[in-house]
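Participant: Can you read through this structure? Questions will come right after.
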Amino acid sequence: MQSTRTLTDKIFLILKGLGMGAANKVPGVSGGVVAFVAGFYEEFIYSLKKVNKTAFKLLFNARFKSFYKYINGRFLSLLFLGMVVSYFSISKILDYLIKHYELYIWSVFFGMIIGSIYYINKDFKDWNFKTYTSLAIGILLGVGISFLNPAKENDNLWFVFFCGIISVSGMTLPGFSGSFILILLGNYVLLLVDSVNALSDTFTEIISGDFSFLDNTERIRMLKVLVVFTLGSVTGLVTFSHILSYILKHYKSITLSAIIGFIIGSLGVVWPWKKTIYKLDESGHFLLDSAKEKVIENYQRFIPGLKTETYYAIGFIFLGIVIVLALEWYGQKTRKAT
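End of the sequence shown = 338 in the UniProt record's numbering, gap-free, step of one.
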């Protein structure tokens, strides 16, 4: 999987990481779709698969250069650099855009998923009873997940660890939105808003020489939650990559058809015309997170009327399709060059 990368390739790999990071944080959008459409999905899965006992043996024996080469470290480090930068920057911009231009942003996502369905399906020729069945199961699971009702928030550390394992699935399984699953599990705000804010506040205080957070039991609790969630995410990332690597190797056609089904099913989550339903407290007031944002409970979808904003939204859907086709064109150009 390793190959010589030009400076341009490295820059684009970081940009792809930015795209994956932003997608992973948005409910309904899967970072795995970005990897699939941008043409590095299989390299991503096989690189993660290399994080195994051989890799740890190299690491513990201080053979850092061999470890870095063995796990395709240059590829993973550039990709994860983009994801981290995205999480603390671009995803914040995305949050702002969704808040103020919700219809149009969801329209772009909807178009991108339509484009990704075309991209994955156009070269897939192995249609038979098994793959059609796998496609149908993927669609049903995707649609079923889309319309589940969210659970209540739960900060039990074992459950938080489980949330970490499940939430990272969106990076490895296209069409399966980890952040949307966290909404269904009731822990989206706890794990992707409150705990991250706690970490950010802690870093700010440490830099200014303030260590008062050590006496703040609520802050310590949130940091523990974030650590456990991170451990769960790493566990899930490595575990899913090993499973998917095996499945792709032995049941590639069935796996790809199921992925196409998942992505089709996920269209229900990113349907642009939906009303956001927010959580209410016992008094009937909006429940706010630590950033004073209203907590999302679920979405109520509807068919739009024929008005100006609907036509604009359709235009943004086509924009999303064009973005995916442009990524596909770049991917083909890169593969021909190598």
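Cβ coordinates follow ideal geometry from the N, Cα and C atoms, glycine included.
Are the beta-carbon atoms belonging to Leu256 and Phe124 less than 7 Å from one another?
Facilitator: In contact: Leu256 and Phe124 (Cβ atoms closer than 7 Å).
Participant: Going along the chain, which unbroken runs of the alpha helix (DSSP H) with 4 or more residues stay wholly within the stretch 40–89?
Facilitator: Whole alpha helix (DSSP H) segments, 4+ residues: 41–49, 53–60, 64–70 and 73–88.
Participant: Taking all protein chains shown into account, decide if Asp194 is buried (16 or more other Cβ within 10 angstroms of its Cβ) or exposed.
Facilitator: Per the 10 Å Cβ criterion, buried.
Participant: Alpha carbon to alpha carbon, how far is Leu184 from Phe147?
Facilitator: Those two C-alpha atoms are separated by around 9 Å.
Participant: If you measure between the beta carbons of Val322 and Val225, is that distance less than 7 Å?
Facilitator: Their beta carbons are not under 7 Å apart, which means Val322 does not touch Val225 by this criterion.
Participant: By the three-class DSSP mapping on this structure, what secondary structure does Leu267 have?
Facilitator: Reduced to three states, the DSSP call for Leu267 is helix.
Participant: Keeping to the same chain, check which residues put their C-beta closer than 8 Å to that of Leu81; ignore five residues upstream and five downstream.
Facilitator: Here the set comprises Ile14 and Gly17.
Participant: Would you decide whether Ser233 is buried or exposed? Buried here means 16 or more other CB atoms lie within 10 Å of its CB.
Facilitator: It is buried - the Cβ of Ser233 has at least 16 other Cβ atoms within 10 Å.
Participant: How is Gly17 classed by DSSP in three states: helix, strand or coil?
Facilitator: If DSSP states are grouped into helix, strand and coil, Gly17 belongs with the helices.
Participant: Could you tell me whether the stretch 244–262 touches the stretch 133–147, where touching means 3 or more Cβ pairs closer than 8 Å?
Facilitator: Contact between the stretch 244–262 and the stretch 133–147 is present, because at least three Cβ pairs lie under 8 Å.
Participant: From this set, Ser77, Ile206 and His242, which residue's C-alpha is nearest Lys10's C-alpha?
Facilitator: Of Ser77, Ile206 and His242, the residue nearest in Cα terms is Ser77.
Participant: With burial defined as no fewer than 16 other Cβ atoms inside 10 Å of the residue's Cβ, what is the status of Gln2: buried or exposed?
Facilitator: Legend: pLDDT at Gln2 = 49, less than 50; position of this residue unreliable, value from coordinates given subsequently. Exposed is the call here.
Participant: Under 8 Å Cβ to Cβ from Ile317, same chain only, skipping five residues before and after it: list those, please.
Facilitator: So the list reads Ser107, Val108, Phe110, Gly111, Ile114 and Pro272, once near-sequence residues are dropped.
Participant: Going by beta carbon distance, what residues of the same chain come within less than 7 Å of Val238, once the five residues before and after it are set aside?
Facilitator: Closer than 7 Å at Cβ, skipping near neighbours: Leu48 and Val51.
Participant: Exposed or buried, which one is Leu7 when buried takes at least 16 other CB atoms within 10 Å?
Facilitator: Leu7 is exposed by the Cβ-count criterion.
Participant: With a threshold of 6 Å on Cβ separation, who are the neighbours of Gly31 within its own chain once the five nearest residues in sequence on each side are excluded?
Facilitator: Result list for Gly31: Met20, Ala23, Asn24, Gly170 and Met171, in chain order.
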